[in-house]
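Just below is one structure, and these are the notes that go with it.
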Amino acid sequence: MLDLKARSAEQNDGTPRWAYLRTAFEELRRFASVYGCNEEANHTLRLYENVMARREHLQKPLKMTKILSLPKASELLAEAETMLEKATKQFKPQFRHALRNRAAAIGIGIGLPARPSDVHLHHVFGEGVFFDENTGCYRFCYRPHKTEDTWRRA
């Protein structure tokens, strides 16, 4: 625990992020329970997780601060265009493909942001990403779906 706490504090101006530590203990507890760790160890991990959760609630989340500091969509699209221009000047195909893939990821992410479950289900080669031999280009086929449960909660 001291290593995690020190690492988190080092990356965050000397103050550990309790959400990071809570998540680490949560994952460790889940791992321990799946692999048959004894009840006393599971109980201890749960106690640490609960302590971190209480501390987490007292700390202002950094998520919104980080989100507000992200570039605007127009800036990101300009960056994607620059990547595409650089791709045309690259001699090695792997560099051209890498730049084109990055530019595509930016464009698709802005135009049609995907939920994690959609990425898992659809952003798979042969499932939602295809290579068109006729044009020599990759094609994306992505139709976002809300689950029935999401519709009921909305």
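For the sequence shown, numbering that gives the first Met the number 0 begins at 0 and goes up steadily by one.
Just so it is clear, CB atoms sit at the ideal spot from N, CA and C, and this is done for glycine as well.
Membership of Tyr47 in the alpha helix (DSSP H) is indicated by the continuous run 38 to 56. In this structure, the alpha-carbon of Gln10 lies about 40 Å from that of Phe129. Here the region 44 to 60 makes contact with the region 22 to 29; the two share three or more CB pairs at distances below 8 Å. Exclusion of the five residues before and after Arg99 leaves Ala86 as the residues of its chain whose Cβ lies within less than 6 Å of its Cβ. Residue environment: Ala8 is assigned as exposed (fewer than 16 neighbouring CB atoms within 10 Å of its CB, all protein chains considered). Beta bridge pairing from DSSP links Arg28 with no other residue.
For Phe94, the uninterrupted alpha helix (DSSP H) segment begins and ends at 92 to 110. In the three-state scheme derived from DSSP, where H, G and I count as helix and E and B as strand, Asp117 is classed as helix. Here the region 100 to 114 lies against the region 70 to 82, with 3 or more beta-carbon pairs under 8 Å apart. Burial of Arg21 is indicated by the presence of at least 16 other C-beta atoms within 10 angstroms of its C-beta.
The criterion of a C-beta distance shorter than 8 Å is satisfied by Cys140 and Gly127. For the options Glu38, Asp2, Gly13, the alpha carbon positioned closest to that of Ala23 is the one of Asp2. With a contact defined as Cβ atoms closer than 8 Å, Ala102 and Ala77 miss out at about 11 Å. Contact annotation: Ala40 and Ala52 have beta-carbon atoms that are not nearer than 8 Å.
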